[in-house]
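Heads up, the sequence shown is in this note's numbering, so the first residue is 674 and it goes up one at a time.
To keep things clear, I will list the structure first and then write my remarks on it.
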Amino acid sequence: MKKLLVSLLVAALLAGCAPIKTTNAGAVGVQRKQYALLSAKQVEGMAAQSYVATLKDADKKNKLNPNAQQTERVRAIANRLIAQTTVFRADAAKWKWEVNVQESPEVNAYCMPGGKIMVYTGLIEKLKATDDELAAVMGHEISHALREHGRERMSEAYAQQGLVLGIGLLASIFLDDPKAAQTSMGLASTVSSVAITLPHSREQEREADRIGLELSARAAYDPNAAITLWQKMAKEGGQKPPEFLSTHPADEARIADMKRLLPIVMPLYEAAKHS
Ligand SMILES: [Zn+2]
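This is the structure we're talking about:
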């Protein structure tokens with residue numbers, strides 16, 4: 674009951690903010706209204722910090738970009754996708770994109786707010802992913818960043834914690850009090866790690882699927898690969914489901930949604946392939 678009340682209050686609080694503008698609808702027509710308490714700059718700052726820490730840690734363990742050829746391959750695919758992101762938002766051209774590979778048995782990948790991409794070797798090797806399939810995964814992850822899903826989730830987490838800890842913290846955010854802001858820095862790091870590890874909502878996943886499909890197609894990667902990729906992923910499943918599947922017991926609905934969009938994105942793919 675208390676949980677329900679908090680989530681209702683959070684929803685009301687966020688709806689009280691002005692809607693934020695992230696992406697254009699694109700051919701796939703993603704246009705849900707979005708709200709956020711935190712600024713994009715705040716969120717990107719936290720993500721950048723977290724990414725640097727991850728890189729350092731992986732490097733120390735000799736797990737950062739273990740295979741130069743593999744890193745080159747991943748970066749080449751990512752760069753083609755990144756070149757298409759301006760279709761959805763012009764400012765993405767100015768993002769400080771970074772693409773790295775981390776040695777890990779996990780079948781996973783992510784793109785943090787502001788364009789910090791990480792692909793795990795487990796994804797490449799266990800799934801024997803083709804270039805088209807890697808593009809599908811990275812396109813999906815990049816779409817989360819373009820849509821600022823992390824910012825939405827962090828805003829929710831912030832609002833929730835703020836409500837739980839007391840209204841004082843929220844006041845500090847609104848009043849921009851530096852001292853109170855300092856106190857909330859500890860909270861910020863908790864929230865940022867939560868936002869990175871928390872599963873996306875189903876609606877956010879659907880949006881990332883759709884925009885990802887269009888990014889792949891425009892970058893001349895076969896969008897059909899998204900279907901085979903998610904099928905391979907569903908088989909992999911395992912105890913710790915990858916980010917993509919974590920909120921999706923119903924993968925079939927997701928695959929059906931992507932199949933429905935194929936007629937829209939295939940012409941983009943054909944055009945990109947022949948240009
Ligand atoms: Zn996702």
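Ideal placement from N, C-alpha and C gives every residue a C-beta, glycine not left out.
Everything numeric in this text was worked out from a predicted model, so none of it was measured.
Cβ shell of residue i (< 7 Å), same chain only, five flanking positions each side left out
{"i": "GLU909", "result": "VAL780, LYS799, LEU800"}
{"i": "LEU819", "result": "THR695, THR696, THR758, PHE761, ARG762, ALA765, ILE884"}
{"i": "ASN738", "result": "THR744, ASN773, VAL774"}
{"i": "ASN832", "result": "A quick correction: the sequence has Ala, not Asn, at residue 832. VAL683, LEU686, LEU687, LEU710."}
{"i": "GLU876", "result": "ARG705"}
{"i": "LEU941", "result": "ALA700, GLU887, ALA890, ARG891"}
{"i": "MET931", "result": "ASP882, LEU886, ALA899, ILE900"}
{"i": "LEU934", "result": "VAL701, ARG883, LEU886"}
{"i": "ALA713", "result": "GLU821, ARG824"}
Residue i CB to nearest heavy atom of ligand 1 below 7 Å
{"i": "LEU881", "result": "In the sequence as presented, Leu is not what sits at residue 881; that position holds Ala. Yes, ligand 1 has a heavy atom inside 7 Å of this Cβ."}
{"i": "HIS873", "result": "yes"}
{"i": "GLU806", "result": "no"}
{"i": "GLU925", "result": "no"}
{"i": "GLU878", "result": "yes"}
{"i": "HIS947", "result": "no"}
Closest by C-alpha distance to residue i, when choosing among the options
{"i": "VAL716", "options": "LEU888, ARG933, ALA893, MET827", "result": "MET827"}
{"i": "LEU687", "options": "GLU829, TYR942, ALA898, ARG927", "result": "GLU829"}
{"i": "GLU878", "options": "GLN834, ILE928, GLN742", "result": "ILE928"}
{"i": "ASP882", "options": "ASN740, ILE900, GLN722, MET939", "result": "ILE900"}
{"i": "ARG748", "options": "LEU728, MET791, ALA926", "result": "MET791"}
{"i": "ASN897", "options": "LYS905, LEU886, ALA907", "result": "LEU886"}
{"i": "ARG753", "options": "GLU925, ALA713, ASP805", "result": "ASP805"}
{"i": "ASN740", "options": "SER777, LYS729, ALA691", "result": "SER777"}
{"i": "CYS690", "options": "GLU825, GLU943, ALA944", "result": "GLU825"}
{"i": "CYS784", "options": "THR727, ARG746, LYS733, ASP732", "result": "THR727"}
{"i": "GLN742", "options": "ILE797, LYS932, SER712, LYS729", "result": "ILE797"}
{"i": "ILE750", "options": "SER874, MET906, LEU807, GLY718", "result": "LEU807"}
{"i": "THR803", "options": "ALA721, ARG746, LYS714", "result": "ARG746"}
{"i": "PRO786", "options": "GLY823, LYS733, LYS729", "result": "GLY823"}
Close-in-space but distant-in-sequence residues of the same chain around residue i (CB under 6 Å, 5 per side omitted)
{"i": "LYS913", "result": "Caution applies to LYS913, whose pLDDT of 43 falls short of 50 and renders its modelled position unreliable; the value that the coordinates give is listed next. So the list is empty, once near-sequence residues are dropped."}
{"i": "PRO922", "result": "Note that PRO922 has pLDDT 47, beneath the 50 cutoff, so the model's placement of it is unreliable and no number is given."}
{"i": "LYS946", "result": "ALA893"}
{"i": "ILE693", "result": "GLN707, ALA709"}
{"i": "GLN904", "result": "none"}
{"i": "VAL938", "result": "LEU886, GLU887, ALA890, PRO896"}
{"i": "ALA809", "result": "SER889, ALA898, ALA899, LEU902"}
Same chain only: Cβ atoms within 8 Å of residue i, ignoring 5 sequence neighbours per side
{"i": "GLY788", "result": "ILE755, ALA765, TRP768, LYS769, TRP770, GLU771, ILE815, ALA818"}
{"i": "LYS736", "result": "GLN775, GLU776, SER777"}
Neighbour flag for residue i against chain B, beta carbons, 8 Å
{"i": "GLY788", "result": "This model lacks chain B altogether, as it is built from one protein chain only."}
Every unbroken alpha helix (DSSP H) within the stretch 753-826, with a cutoff of 4 residues, ordered by chain: 794-799, 804-819
Inter-stretch contact at 8 Å, needing at least 3 Cβ pairs: the stretch 804-815 / the stretch 697-706: no
Complete runs of the alpha helix (DSSP H) confined to the stretch 705-756 [at least 4 residues]: 713-733, 741-755
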